[in-house]
Structures are given as structure tokens and as C-alpha cells.
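Novice: Before I ask anything, here is the structure I am working with.
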Amino acid sequence: MQEILIDKHATGDGLDGSARLSESQLTAALSAMRDEGVVCIKGAVTLETISALNDKMQADLDVRTPSRKVNAWNSLRPPPFHPHLYEEVVYNEAAIDICRGMLGPRATLTTYGANTSWPGQADAQNVHRDVPDGAITNRCPAVVLNYPLTEFTIENGATLIYPESHRTSVAEAGGTRKFTQAMLSKQAHAREPEQTIGIGPGDLVVRDLRLWHGGMPNNSDERRIMLALVVIDPDYAEADETGFKGFEAEIGSEDFWHNPRLETSIHFVPAGDRSYYLHGHHSTPPTPLYLDWQTRKGA
Ligand SMILES: O=C(O)CCC(=O)C(=O)O
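Note that this note's numbering has the sequence shown beginning at 2, numbered continuously upward.
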């Protein structure tokens with residue numbers, strides 16, 4: 002995985018305080034995204050912000066355990082209300098530049114989620130991609146922004162990724178999300194998979210949503226959380242269009258969710274008991290993007 006180091010002094014601060022990529026760094030990041038389907042931006046966010054988010058999310062997990070039946074890497078979502086919202090995470094300038102470069106000027110944030118690798122997780126996750134098995138097109142349907150909240154190590158199950166796999170058809174899996182050993186071997190022969198070790202708090206991994214990846218066993222005694230923010234091209238309607246069409250955020254945070262360079266797809270809800278975010282699976286609130294998708298599917 003190609004790494005690009007943000008040098009705040011050389012590039013100057015962006016609108017929100019997060020550092021921006023220089024022109025040549027952005028060119029390198031976009032070509033890594035196109036060729037490999039993944040790129041790591043080192044030093045994208047301040048450590049204070051990531052540490053504060055980790056503290057809050059670990060505290061949430063202390064009191065509420067999400068169901069891990071369908072996906073053992075399930076987590077609670079990051080809190081979508083003040084004072085836990087950070088511009089440098091949601092509107093990270095480097096991330097937005099890459100998203101707009103990949104997805105166009107209508108790049109839209111549709112998921113504000115997380116994954117957790119849990120201690121005692123002995124089996125690896127099925128290698129999968131996060132979009133349906135439609136035919137591969139020349140366009141990228143969506144990207145995910147992964148922010149590790151702690152160091153990623155072999156011991157705590159750093160994610161296994163298959164660089165360059167974003168352009169490989171998975172029709173052979175027959176819609177099961179279960180890639181056969183033959184598929185995995187063939188892909189590994191074309192380009193060896195790697196684990197996302199050497200990344201940690203402050204870093205950002207941007208991944209094409211089609212890239213093959215999977216969680217690995219966690220032999221440590223810690224919960225390892227990574228934020229997962231999905232950004233889509235809302236005009237993409239091919240067969241591998243993602244179903245991530247929006248998320249809930251809390252009334253009172255409306256102003257935060259407006260940004261001139263990144264659209265958002267949000268359904269605002271009252272605080273109540275906050276169970277709207279204290280659960281593991283992705284939600285499907287009735288945002289205009291979600292409703293349009295349902296209509297197009299004939300649901
Ligand atoms: O947290 C990880 O290492 C990967 C989790 C993942 O890919 C998933 O749950 O879809």
C-alpha cells in the first residue's frame with residue numbers, strides 16, 4: 002500500500018485545519034487509487050482528535066455490545082452529535098480532495114460508521130468487497146475512509162487487503178460474498194495481499210469500495226476500532242452500485258453536516274435514548290438517495 006506523508010509545514014493548513022495534499026501528492030494519491038485501489042495518508046488527523054474519539058467509542062463499547070452474529074467485526078457507530086464531531090475527520094481536506102478526484106464534485110458522505118476487531122476473535126473474516134458483484138466498470142462507485150483509532154498490528158488483526166483487486170470480477174462467487182480458494186490464489190498470484198500494519202492514530206486509509214479485504218484474527222487483549230466513512234458518487238447506477246445511501250445524525254448538529262466540498266445524506270433524529278447509533282449494523286434511513294434507490298429497484 003502506497004503511503005503519502007502529509008507535511009503540514011510544506012502544504013499549509015486547509016479550510017478546516019486539516020493539512021492538504023500538495024498537487025503532486027494528490028496526483029500520486031489518485032494514481033494509487035486507480036492502480037492499486039487503496040492509498041494511505043500518514044498524519045492526516047491530529048492525535049488529540051483520534052484519542053478523544055477512541056476514548057468515547059471504547060466507553061460506548063464498555064456499556065453496549067453490538068450483535069456480532071452476522072458480522073463478528075461489527076461495532077457501534079461513532080457518535081453523530083456534538084461535542085464528538087470533528088471537521089478534520091468528517092471533512093478531512095486530503096480525503097475530500099481524493100474523493101472528489103475519484104467520484105466527482107457531487108461526492109456524498111453516506112455512512113458514518115466503524116468496525117471493531119474484538120479480542121478473542123480466532124477466525125479470519127471472509128475476504129470480501131463492500132459492493133455487490135456487478136460487472137466491473139471503469140468508474141469507481143464509492144470509496145471508504147478508514148481512520149484507525151489505535152495502532153494496527155499483526156497481533157490485533159490488522160486488515161488483510163488485496164491491492165489491485167478492485168478491478169477483478171467476483172462473478173465467480175455467485176453473489177455469496179464467499180470468494181473461492183481458487184479466486185483468492187489467483188488474485189494473490191497477480192499481486193500479493195498485505196496486512197495494514199504500520200498504520201495507526203492520525204493516519205487515513207482510502208480504499209475503493211470494490212477492493213478485496215477482510216479482518217484477521219485478534220490475538221491481543223484490546224478492541225481495535227477503525228472508523229469507516231463511505232463516500233459515494235450519487236450518480237453511479239451500475240450493477241455494483243452500493244446500498245449505502247445515508248445515515249442518522251442528531252437534531253442539533255445540522256450545521257455541522259453542511260460543507261461546500263462534500264455533500265452528505267442524512268436523516269436527522271431526536272436524541273432520545275440514542276439507540277439510533279448504539280447498534281452495530283448499517284441503517285437505512287429514508288434519505289432522498291435511499292428512497293430513489295428503492296424506487297429504481299422497484300421495491
Ligand atoms: O476491521 C477490519 O479489519 C475489517 C472489517 C470489515 O472489512 C468488515 O466488517 O466489513
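From the three backbone atoms N, C-alpha and C, an ideal C-beta is built for every residue, glycine too.
1. If you check the beta carbons only, do Asp236 and Val132 fall under 8 Å apart?
2. If you run the structure through DSSP and keep just helix, strand and coil, what is Met34?
3. Below 7 Å, is the gap between the Cβ of Gln126 and the nearest heavy atom of ligand 1?
4. For Glu49, which option in Leu86, His167, Thr66, Met34 has the closest C-alpha, if you only look at C-alpha atoms?
5. Starting from His190, follow the beta strand (DSSP E) in both directions and report where the run begins and ends.
6. Within the same chain, show all residues whose beta-carbon is closer than 6 Å to that of Glu165, passing over the 5 residues directly before and after it, in chain order.
7. Under the rule that 16 or more other beta-carbon atoms within 10 Å means buried, what is Ala301, buried or exposed?
8. Looking at ligand 1, does it come within less than 7 Å of Asn219, judged from the CB to the closest heavy atom?
9. Residues bridged to Tyr148 by DSSP?
10. Looking at the structure shown, is Gly44 part of a helix, part of a strand, or coil, going by DSSP?
11. Are there any heavy atoms of ligand 1 lying less than 7 Å away from the beta-carbon of Thr296, as far as the coordinates show?
12. What's the gap between the Cα of Ile200 and the Cα of Leu27?
13. Which term fits Thr177, buried or exposed, when burial requires 16 or more other beta carbons within 10 angstroms of its beta carbon?
14. Can you give the Cα-Cα distance for Asn157 and Gly105, rounded to whole angstroms?
15. Please name the residue in Arg69, Val71, Asp56 whose C-alpha comes closest to that of Thr151.
16. So, for Ser284: in the same chain, excluding its five sequence neighbours on each side, which residues have a beta-carbon less than 8 Å away from its beta-carbon?
17. Which residues bound the alpha helix (DSSP H) around Ala272?
18. So, does the stretch 111-129 touch the stretch 226-233, judging by three or more C-beta pairs under 8 Å?
19. Taking the straight line between their C-alpha atoms, what separation do you get for Phe82 and Gln59?
20. Can you find a heavy atom of ligand 1 that lies under 7 Å from the Cβ of Gly121?
21. One question on the structure: do Asp63 and Leu77 come within less than 8 Å of each other, judged by their Cβ atoms?
22. Taking 7 Å as the cut-off, is the C-beta of Thr160 nearer than that to any heavy atom in ligand 2?
Specialist: Reading it off the structure:
1. The residue labelled residue 236 in the question sits at position 235 within the sequence shown. The residue labelled residue 132 in the question sits at position 131 within the sequence shown. The Cβ atoms of Asp236 and Val132 lie no closer than 8 Å to each other.
2. Sequence index remark: in the sequence shown, residue 34 carries index 33 (1-based). Residue state for Met34 is assigned as helix, using DSSP reduced to three classes.
3. For the purposes of this step, residue 126 is taken as residue 125 along the sequence shown, with counting starting at 1. If you check the C-beta of Gln126 against ligand 1, you find a heavy atom less than 7 Å away.
4. As a working note, residue 49 is residue 48 in the sequence shown. Checking every option, the nearest Cα to that of Glu49 belongs to Leu86.
5. Sequence index remark: in the sequence shown, residue 190 carries index 189 (1-based). Unbroken run through His190 is the alpha helix (DSSP H), 182-191; no beta strand (DSSP E).
6. Here residue 165 refers to the residue found at position 164 when the sequence shown is read from its first residue. Listed in chain order, the non-local C-beta contacts of Glu165 below 6 Å within the same chain comprise Glu37, Arg192, local neighbours out to five positions each way being set aside.
7. Lying outside 2 to 300, the shown extent of the chain, residue 301 is not represented and no answer is given.
8. By one-based count along the sequence shown, residue 219 stands at place 218. Because no heavy atom of ligand 1 lies under 7 Å away, the Cβ of Asn219 does not count as near it: no.
9. If you number the sequence shown from 1, residue 148 lands on position 147. Leu228.
10. As a first step, residue 44 is located in the sequence shown; it is residue number 43 there, counting from the start. Reduced to three states, the DSSP call for Gly44 is coil.
11. The count along the sequence shown starts at 1 and reaches residue 296 at position 295. Every heavy atom of ligand 1 is 7 Å or more from the Cβ of Thr296, so no.
12. Within the sequence shown, residue 200 is the residue found at index 199, counting from 1. Within the sequence shown, residue 27 is the residue found at index 26, counting from 1. The straight-line gap from Cα to Cα measures roughly 19 Å.
13. Start at 1 with the first residue of the sequence shown, and residue 177 comes out as number 176. When all chains shown are included, Thr177 counts as exposed.
14. Residue mapping note: residue 157 aligns to position 156 of the sequence shown, counting from 1. Residue mapping note: residue 105 aligns to position 104 of the sequence shown, counting from 1. Roughly 36 Å between the two C-alpha positions.
15. Working through the sequence shown from its first residue, we reach residue 151 at position 150. Of the listed residues, the one whose Cα sits closest to Thr151 is Asp56.
16. The sequence position of residue 284 within the sequence shown is 283, counting from 1. Phe248, Glu249, Tyr277.
17. Within the sequence shown, numbered from 1, the residue matching residue 272 stands at position 271. Element bounds for Ala272: n/a, residue is neither H nor E.
18. In short, these stretches touch, since the Cβ pair count reaches three.
19. Sequence index remark: in the sequence shown, residue 82 carries index 81 (1-based). Sequence index remark: in the sequence shown, residue 59 carries index 58 (1-based). Straight-line Cα distance between these residues: approximately 16 Å.
20. Locating residue 121 in the sequence shown gives position 120, where the first residue counts as 1. No, Cβ of Gly121 sits at least 7 Å from all heavy atoms of ligand 1.
21. One-based indexing of the sequence shown puts residue 63 at position 62. One-based indexing of the sequence shown puts residue 77 at position 76. Inclusion of Asp63 and Leu77 in the CB contact set at 8 Å is not warranted, their separation being larger than that value.
22. Of the ligands one can find in the structure shown, namely ligand 1, none is ligand 2.
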